[in-house]
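Residue numbers (UniProt numbering): 1 to 228. All C-beta atoms in this analysis are idealised placements derived from N, C-alpha and C, irrespective of residue type, glycine included. Keep in mind that this is a model prediction, so the values were computed, not measured.
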């Protein structure tokens with residue numbers, strides 16, 4: 001019976017059907033006993049006899065992959081796989097898959113929640129009230145603002161879709177612009193500097209890549225609006 005280990009602690013946390021699918025497929029399922037991100041030593045000990053791994057963000061280094069003698073497949077919960085040594089995995093015949101669509105809705109909703117929190121000062125008011133201080137903070141309306149989106153991929157697009165009722169103006173920067181989507185939702189593509197200077201709110205949805213590292217620095221921050 002193939003043995004599958006689930007290292008990510010959020011897997012099937014709110015819906016047990018994925019576990020049932022694995023078991024119905026004849027797999028022996030083991031879950032992370034520590035309920036936290038595993039250390040390299042723990043990974044080596046827990047992975048040594050498994051056939052499949054449903055991975056989180058733990059580093060799957062050369063040493064860990066070589067110690068997992070029976071490992072045949074890794075499924076990464078999320079879009080990125082920069083925590084996996086892909087070259088060694090390929091050398092060892094280990095297939096690596098990602099689930100890029102799985103977190104899209106959740107991350108987009110979280111993005112919007114954070115935007116609303118900042119615009120309306122919800123956390124500020126909560127902190128003041130818990131400090132026994134009543135200081136009325138009006139905040140700013142989100143409606144009518146310009147939302148600048150760095151990275152109009154899966155998550156950036158979902159943010160646009162979910163914020164339609166807020167009457168926003170959208171500007172975006174992306175290395176591979178999706179003109180069809182932009183036309184459908186009235187998104188204007190701009191240069192990075194123009195986006196930062198025009199946007200009232202900036203959301204960032206970029207994958208890790210060497211060419212994007214440090215894309216927002218002191219100079220870029222200085223271009224942004226001081227007040228919204």
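Where the beta strand (DSSP E) through residue i begins and ends
i	result
residue 227	Residue 227 -> no beta strand (DSSP E), and no H or E assigned at all.
residue 188	187-189
residue 206	Element bounds for residue 206: n/a, residue is neither H nor E.
Residues near residue i in its chain [Cβ-Cβ closer than 6 Å; skip 5 each side]
i	result
residue 121	137, 139
residue 104	154, 155, 158
residue 220	196
residue 73	52, 95
Which of helix, strand or coil DSSP assigns to residue i
i	result
residue 28	strand
residue 16	coil
residue 11	coil
residue 62	helix
residue 176	coil
residue 170	strand
residue 23	helix
residue 35	coil
residue 68	coil
Beta bridge counterpart(s) of residue i as assigned by DSSP
i	result
residue 217	Bridge partners of residue 217: none, in fact.
residue 75	54, 97
residue 160	Beta-bridge pairing links residue 160 to no other residue.
residue 5	30, 53
Boundaries of the alpha helix (DSSP H) in which residue i is found, first to last residue
i	result
residue 198	192-198
residue 45	40-47
Own chain partners of residue i with C-beta closer than 8 Å, once the 5 adjacent residues on each side are dropped
i	result
residue 116	122, 142
residue 23	29
residue 225	197, 199, 200
residue 71	47, 50, 51, 52, 53, 65, 92, 94
residue 215	150, 192, 206
residue 63	40, 44
residue 203	111, 115, 147, 148, 149, 150, 156, 159
residue 265	With the chain covering 1 to 228 only, the question about residue 265 has no answer from this structure.
Close-in-space but distant-in-sequence residues of the same chain around residue i (CB under 7 Å, 5 per side omitted)
i	result
residue 208	80, 82
residue 101	154
Quiz item: Curious, which full-length alpha helix (DSSP H) runs of at least 4 residues does the region 77-158 contain?
Solution: 86-91, 104-120, 122-130
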